[in-house]
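Below is one structure; the comments refer to it alone.
Residue numbers (the working numbering): 1 to 374.
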């Protein structure tokens with residue numbers, strides 16, 4: 001049984017789907033590991049380290065022809081065409097953004113697994129790529145904001161006078177938001193946070209931040225069974241917008257993190273809200289790749305609106321490539337290793353397992369995931 005690790009070819013992708021650590025673990029399961037040359041270079045894992053861990057350095061074609069192919073992002077069209085019938089593919093596949101590619105996986109007979117569809121159950125926590133990557137993105141968002149901000153974060157008392165602490169608002173209290181709160185607090189900022197899910201209030205307060213939200217009966221029903229925020233009613237959005245409009249004009253830095261799976265990112269910061277912020281303020285929009293939480297966000301760009309800079313953050317985790325790769329590679333190993341039969345060293349997949357049913361997009365020539373069926 002061969003596991004292939006192709007080099008990531010999509011723009012600005014620095015991560016790699018296996019590290020020397022996970023190569024050793026796969027070798028321990030009796031598998032042959034094929035790593036495309038220079039796959040780990042951007043994350044500072046040289047080919048020599050993979051060889052020392054037991055991998056073979058191969059061409060892209062050889063890596064893509066393996067029985068199990070592990071990637072960070074979905075394959076390009078050219079890469080997808082080199083996958084073999086019956087192969088298993090595991091990656092962050094973004095199927096809502098490219099449904100024709102999902103259909104092509106089915107047509108080729110590839111069994112494709114979307115790692116971002118991992119169910120939010122206890123048994124799958126070590127496989128949860130969204131959590132591992134969002135945690136780093138939340139941290140990096142604050143570090144980037146601090147680097148751009150023209151003032152210090154903590155309050156400083158000096159002989160020349162006192163410097164006031166920066167005020168940071170985090171919008172969306174998922175994994176990225178919680179890490180952003182914790183990081184901003186460690187840097188000495190005065191932090192507040194908002195989320196439609198009332199259950200996050202205690203988490204926000206436990207990190208030393210202030211919770212800002214309209215609390216009514218709708219917020220008590222605002223979380224899905226999978227732990228995600230529901231889309232709220234128009235009435236609630238108006239009440240929440242009024243509260244946030246009053247809060248946001250006092251902030252120096254706003255970090256938005258709200259996403260709805262399979263839908264455009266919800267608008268949290270309107271143009272009027274943004275223009276009410278002080279010149280020199282910063283908005284870091286972690287939802288930029290799905291349209292942004294602000295209508296003025298441009299993915300991959302920094303836009304200046306009346307002295308307020310909007311950063312359309314793209315692949316922030318990838319800018320911490322070594323750590324992001326290490327965590328992602330462990331997620332993949334934890335997902336794949338239970339599927340390897342100890343006796344035969346081949347794949348033995350329980351198709352009724354909740355983790356498999358949650359992540360599998362295509363099987364035996366068909367699109368089988370309920371969210372993607374025509």
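Note that the Cβ used here is the ideal one computed from N, Cα and C, for glycine as well.
Exercise for the section: Decide if the region 31-47 is in contact with the region 88-108; the criterion is three or more beta carbon pairs, one per stretch, under 8 Å apart. Expected result: no
Exercise for the section: Return the bridge partner residues of residue 161 from the DSSP annotation. Expected result: 158
Exercise for the section: Look at residue 6 and residue 64 and say whether their C-beta atoms are less than 8 Å apart. Expected result: yes
Problem - Inter-stretch contact (C-beta, 8 Å, three-pair minimum) for the region 171-180 and the region 135-149 - result: yes
Exercise for the section: Would you check if the distance between the CB atom of residue 283 and the CB atom of residue 257 is smaller than 8 Å? Expected result: no
Exercise for the section: State the beta-bridge partners of residue 113 as determined by DSSP. Expected result: 90, 360
Handout entry: Secondary structure, beta strand (DSSP E): runs of 3+ residues fully inside the region 17-51
Key = 32-36
Exercise for the section: Would you identify the three-state DSSP class for residue 284, choosing helix, strand or coil? Expected result: strand
Problem - Cβ-based burial, residue 263 [other Cβ within 10 Å; buried from 16] - result: exposed
Problem - Residues of its chain near residue 247, where Cβ-Cβ distance is below 6 Å and the 5 sequence neighbours each way are ignored - result: 212
Handout entry: Alpha-carbon to alpha-carbon, residue 76 and residue 36
Key = 16 Å
Problem - Top-ranked residue by Cα proximity to residue 202, from 160, 348, 141, 174 - result: 174
Practice task
Return the bridge partner residues of residue 2 from the DSSP annotation.
Solution key: 32
Handout entry: residue 316 to residue 344 span [Cα, whole Å]
Key = 40 Å
Exercise for the section: Check the Cβ-Cβ distances between residue 160 and every residue of chain D, and say whether any is below 8 Å. Expected result: Absent from the structure is chain D; it holds one protein chain and no more.
Exercise for the section: For residue 208, I'd like the list of residues in its chain whose CB is within less than 6 Å of its CB, leaving aside the five on either flank, ordered along the chain. Expected result: 185
Handout entry: Distance between residue 281 and residue 149 (C-alpha atoms, nearest Å)
Key = 7 Å
Handout entry: Sub-8 Å separation of residue 126 and residue 352 beta-carbons
Key = no
Exercise for the section: Could you check which residue in 84, 106, 4, 271 has the C-alpha nearest to that of residue 373? Expected result: 106
Handout entry: Where the alpha helix (DSSP H) containing residue 237 begins and where it ends
Key = 234-248
Handout entry: Host beta strand (DSSP E) of residue 193 (start-end)
Key = 190-194
Handout entry: Which of helix, strand or coil DSSP assigns to residue 138
Key = helix
Exercise for the section: Alpha carbon to alpha carbon, how far is residue 252 from residue 58? Give it in angstroms, no decimals. Expected result: 49 Å
Practice task
Starting from residue 7, follow the beta strand (DSSP E) in both directions and report where the run begins and ends.
Solution key: Here residue 7 belongs to no beta strand (DSSP E), and DSSP marks it neither H nor E.
Practice task
Report the three-state DSSP secondary structure of residue 373 (helix, strand or coil).
Solution key: coil
Practice task
Give a yes or no on whether the C-beta atoms belonging to residue 255 and residue 141 are separated by under 8 Å.
Solution key: yes
Practice task
Check the C-beta distance from residue 91 over to residue 118 and give it rounded, since I have them as a contact under 8 Å.
Solution key: That belief does not hold up - the Cβ atoms of residue 91 and residue 118 are roughly 12 Å apart, past 8 Å.
Problem - Three-state secondary structure assigned by DSSP to residue 171 - result: strand
Practice task
Name the residue from 296, 294, 311 whose alpha carbon lies nearest to the alpha carbon of residue 302.
Solution key: 311
Handout entry: Alpha-carbon to alpha-carbon, residue 120 and residue 271
Key = 34 Å
Practice task
Compare the beta carbon distance of residue 113 and residue 359 with 8 Å and say whether it is the shorter of the two.
Solution key: yes
Exercise for the section: For residue 306, count neighbouring C-beta atoms within 10 Å of its own C-beta (all shown protein chains included) and say buried if the count is 16 or more, exposed if not. Expected result: exposed
Exercise for the section: Classify residue 319 as helix, strand or coil using the three-state DSSP reduction. Expected result: helix
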